[in-house]
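Residue numbers (the numbering used here): 3 to 335.
For each residue, glycine too, the CB sits at the ideal point set by N, CA and C.
Note that this is a predicted model, so its numbers are computed, not measured.
Worksheet: the structure to be examined is printed underneath.
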Amino acid sequence: MRALTLLGLSCALSMCLGLAAQNAAACDAVGEINFICDVISPEDLAIVPGEQWIIASGDQEGGRIQLVNVRDKTATVLFPTPTRIERLDAATYPTCPGPIDPQEGDDFRAHGLYLTAGSGGVHTLHVVHHGFRESIEVFEVDARGTSPTLTWVGCAVAPDPLGLNSVVALPEGGFVATSPRTGDVWEWQADSGWLLVPGSEDTVPNGLEISSDGRWLYVAGFAEAKVTRLSRGQTPVQKEVVALGFRPDNLRMSLDGSVIFAAGPGNIQTPRDVSVETSNVATIDLRTVDVQPIFQHPFIDGFAASTTAIQIGSEMWLGTYRGERIAYFSRRE
3 MRALTLLGLS
13 CALSMCLGLA
23 AQNAAACDAV
33 GEINFICDVI
43 SPEDLAIVPG
53 EQWIIASGDQ
63 EGGRIQLVNV
73 RDKTATVLFP
83 TPTRIERLDA
93 ATYPTCPGPI
103 DPQEGDDFRA
113 HGLYLTAGSG
123 GVHTLHVVHH
133 GFRESIEVFE
143 VDARGTSPTL
153 TWVGCAVAPD
163 PLGLNSVVAL
173 PEGGFVATSP
183 RTGDVWEWQA
193 DSGWLLVPGS
203 EDTVPNGLEI
213 SSDGRWLYVA
223 GFAEAKVTRL
233 SRGQTPVQKE
243 VVALGFRPDN
253 LRMSLDGSVI
263 FAAGPGNIQT
273 PRDVSVETSN
283 VATIDLRTVD
293 VQPIFQHPFI
303 DGFAASTTAI
313 QIGSEMWLGT
323 YRGERIAYFS
333 RRE
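This is how it looks when you write it as structure tokens:
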């Protein structure tokens, strides 16, 4: 599959940068890329079943969990709000000390997201949270009404020195989360707490995905531009490592479950100069682990580099850590 660059791989980098700087400041389109603006650091995106809504995280000061209307291309705050709803499920989250402190204010950060489809329009959202505590926060997503609502239902506070980034829910309950600070991956269960995932110590983890049966983890190794397929609950541990050619941040399963979208920056310099970093997306085949680049684009003012990618129909959506906008465009196969 050929890589897609919406402004054309043939355009000079200086031209692309100039066009981006000229247009993006006002939230105008850049070539065929459109934006939803005033969304602080939408580092990760999750599709609500039904494909009419997207939930976006907010991983910098002032960031919030946002609800994005796929049709109208608008965003509204889901959490935290003055009218937040909280209902602790103590049986499922017995060690959770209670809801997020409302005094967090702009210290609140929502980082990685994982949404699990439920029945009857009620789903579960796991959120990597930074603030007064380092934790996985869990919400009920009620999509039965005019627009989805969130109810906070529990948490698992991470032990020192973990620093969380991405999370996936497990089919049997509990979750797995990455800890770039300690360079490994951890599993949490209500009865056993936090346990190191065997074989994860050299994965330089950032993003995370999981197979539908829970037997395989896919770990984005940002620092080494790789993805590791790592067995879970199997002896001996099995691993397969693939190179991406860019630094993968988040991983997201396609709606049909056939591929994983990996998104992240390229051209990283030391010290970092985001103005020369590219946005990149590739697909990873779940069966063969073959990598296919599908998108590359130069720096866009206000959207420094892609950190996550999802696809709804023919439309590709990108989030970013360094910016205040969500990008979307029509993907050409």
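Just mark Val239 as buried or exposed, buried being the case when its beta carbon has 16 or more other beta carbons within 10 Å.
exposed
Limits of the beta strand (DSSP E) - the one that Tyr95 falls within:
Run containing Tyr95: none; DSSP gives neither H nor E here.
Can you tell me which of the three DSSP states Phe301 falls into?
coil
When we look at the beta-carbon of Phe134 and count the other beta-carbons within 10 Å, is it buried (16 or more) or exposed?
exposed
Report the residue ranges of all beta strand (DSSP E) runs contained in full by the region 165-231; include only those spanning at least 3 residues, in chain order.
169-171, 177-181, 186-191, 195-198, 207-212, 218-223
Tell me which residues share the same chain as Ser332 and place their Cβ nearer than 8 Å to its Cβ, disregarding the 5 neighbours each side in the sequence.
Glu34, Ser316, Glu317, Met318
Check whether Val229 and Ala264 have beta carbons under 8 Å apart:
yes
Taking Cβ positions only, does Glu142 come closer than 8 Å to chain C?
Considering every chain present, this structure includes no chain C. It has just one protein chain.
Between which two residues does the beta strand (DSSP E) holding Val143 run?
137-144
Relative to the C-alpha of Leu210, which candidate in Pro104, Gly266, Gly304, Ala160 has its C-alpha closest?
Gly266
Own chain partners of Phe141 with C-beta closer than 6 Å, once the 5 adjacent residues on each side are dropped
Leu127, Leu152, Trp154
Compare the Cα-Cα distances from Asp74 to each of Ile56, Pro51, Ile42 and report the closest residue.
Ile56
Kindly give me the distance between the Cβ atoms of Leu232 and Ser202, rounded to whole angstroms, as I take these residues to be in contact under 8 Å.
6 Å
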